[in-house]
Amino acid sequence: MEKKKEIAERLKETAADGRINCTEARKIAEELKVPPREVGVVCDELEIKIFGCELGCF
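So the sequence shown is numbered by the working numbering: it starts at 1224 and just counts up by one.
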């Protein structure tokens, strides 16, 4: 499975209400072995808001 699709699936599962916190987003990036920015790009495409950002990764 292409990484972008895998990221999108994980985000949809985790951010059912259209929001995800920074810790969860970074965890997805770590588990899928992709840079946090890549998760951020997919969040933007899916219109998922990242909240509680800790390090400015997204």
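Yeah, the Cβ is synthetic: ideal placement off N, Cα and C, and Gly gets one too.
When only Cα atoms are considered, residue 1263 and residue 1232 end up about 14 Å apart. For residue 1225, same chain residues with a beta-carbon under 7 Å away, outside a window of 5 residues either side, do not exist. For residue 1276, the closest alpha carbon among the candidates 1234, 1238, 1228, 1243 is that of 1243. Between residue 1255 and residue 1273, the beta carbon gap of about 16 Å keeps them out of contact (Cβ cut-off 8 Å). Cβ atoms of residue 1234 and residue 1265 come within 8 Å of each other, at about 6 Å.
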